[in-house]
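Written out below as structure tokens is the structure these notes cover.
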Amino acid sequence: MDKQNRKAVIAGNWKMNKTATEGAALIDELIPAVAGAGCEVVICTPYTTLVTAVEKCKGTNIHVGAENVHFEKSGAFTGEISADMLVDLGVEYVITGHSERRQYFAETDETVNKRTLAGLNAGLKVIVCVGENLAQREQGVTEELVRLQTKIALQGVTAEQMANVIIAYEPVWAIGTGRTATAEQAQEVCAAIRKVVGELYGEAVAKATTIQYGGSMNDGNAAELLGKPDVDGGLIGGAALKADKFAAIVKAATEG
Ligand code: PEP
27 MDKQNRKAVI AGNWKMNKTA TEGAALIDEL IPAVAGAGCE VVICTPYTTL
77 VTAVEKCKGT NIHVGAENVH FEKSGAFTGE ISADMLVDLG VEYVITGHSE
127 RRQYFAETDE TVNKRTLAGL NAGLKVIVCV GENLAQREQG VTEELVRLQT
177 KIALQGVTAE QMANVIIAYE PVWAIGTGRT ATAEQAQEVC AAIRKVVGEL
227 YGEAVAKATT IQYGGSMNDG NAAELLGKPD VDGGLIGGAA LKADKFAAIV
277 KAATEG
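Numbering-wise, my numbering puts 246 at position 220 of the sequence shown, and it's gapless, one number per residue.
What follows is the structure in structure tokens.
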């Protein structure tokens, strides 16, 4: 019931794939493929594709996001990009806390929180990623860990700002591995995340918050995952690089 009142969001995370030229070609395929979708459609592209993506997606139902953002407004942070820079380009979304950022670029819950706040304060919609690795799942600490990651990521975020927050549950063991969480596992953890949002912000905010699943979601498993009551959308890596596969997931979200 509550699910009908939440926005389903299917977001592609292109990671470090596609030159701007290749990205433009993919967007040309995507535009007709997802036109008329009944869910929010987002593509998060490498920084180098953002200008092209924003230009091409103008007047379409595709929203453009970045894959990361730095927490300072400006200054001596060589190689980094600020939230204001993204907003100035017409970018609407940003991902924070992706497990690849945590794993390979030493991101911590604290820096994820700072990036989340920077994005929100600049007016971006933020997709905050949380999720356990395989050892943590096997140790039985998934729920505690995801609760902790969620709480720290949201430190200082106001109830009003929660309207611009999406939380993506992404079990690390399922990302890019072809090994998907079962729909039951996804539902269990997404429900636990909604519970912690409720504890922090109250029932109304919890019911209104979009919670995605991410981790090898594809055209074959999307309908089952998205059919679960607390799974409001998906963050899609590999399958976002093929227009037909991404469009099939968008269709599943539209129908689910
Ligand atoms: C991701 O990058 O967030 C992701 C879920 O990747 P994949 O769909 O390839 O597992």
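Every residue, glycine too, gets a C-beta built ideally from N, C-alpha and C. Quick caveat, the model's predicted, so the values are computed rather than measured.
Practice prompt. Would you list the residues sitting across from residue 108 in a DSSP beta bridge?
Written response: 96.
Worksheet item: In terms of DSSP beta bridges, what is residue 191 paired with?
Response: The partner list for residue 191 (beta bridge, DSSP) reads 152.
Fill in: Exposure of residue 130, with buried meaning 16 or more beta-carbon neighbours within 10 Å
Exposed, since its Cβ has fewer than 16 Cβ neighbours within 10 Å.
Worksheet item: Pick from 213, 28, 205: whose alpha carbon is nearest that of residue 254?
Response: Per the Cα distances, 213.
Worksheet entry | Residue from 192, 250, 211, 248 with nearest C-alpha to residue 233 | The residue with the shortest Cα to Cα distance from residue 233 is 192.
Worksheet item: What's the C-alpha gap between residue 31 and residue 127?
Response: Residue 31 and residue 127 have their alpha carbons spaced roughly 32 Å apart.
Fill in: residue 83 - containing beta strand (DSSP E), residue span
Under the DSSP assignment, residue 83 falls outside any beta strand (DSSP E), being part of the alpha helix (DSSP H) whose first and last residues are 73-83.
Worksheet item: Using the beta-carbon count (16 or more within 10 Å), is residue 103 buried or exposed?
Response: Result: exposed.
Item to complete: Report back the beta-carbon spacing between residue 69 and residue 79 to the nearest angstrom; my notes put them in contact at under 8 Å.
Response: Correct: roughly 6 Å between the Cβ atoms.
Worksheet item: Any chance the CB of residue 52 is under 7 Å from a heavy atom of the ligand PEP?
Response: Checking the Cβ of residue 52 against the ligand PEP gives no.
Worksheet item: When the Cβ atoms of the stretch 130-140 are set against those of the stretch 99-113, are three or more pairs found closer than 8 Å?
Response: No, the stretch 130-140 does not touch the stretch 99-113.
Worksheet item: When you compare only the Cα positions, how much space is there between residue 116 and residue 174?
Response: When the Cα atoms are used, residue 116 and residue 174 turn out to be separated by approximately 32 Å.
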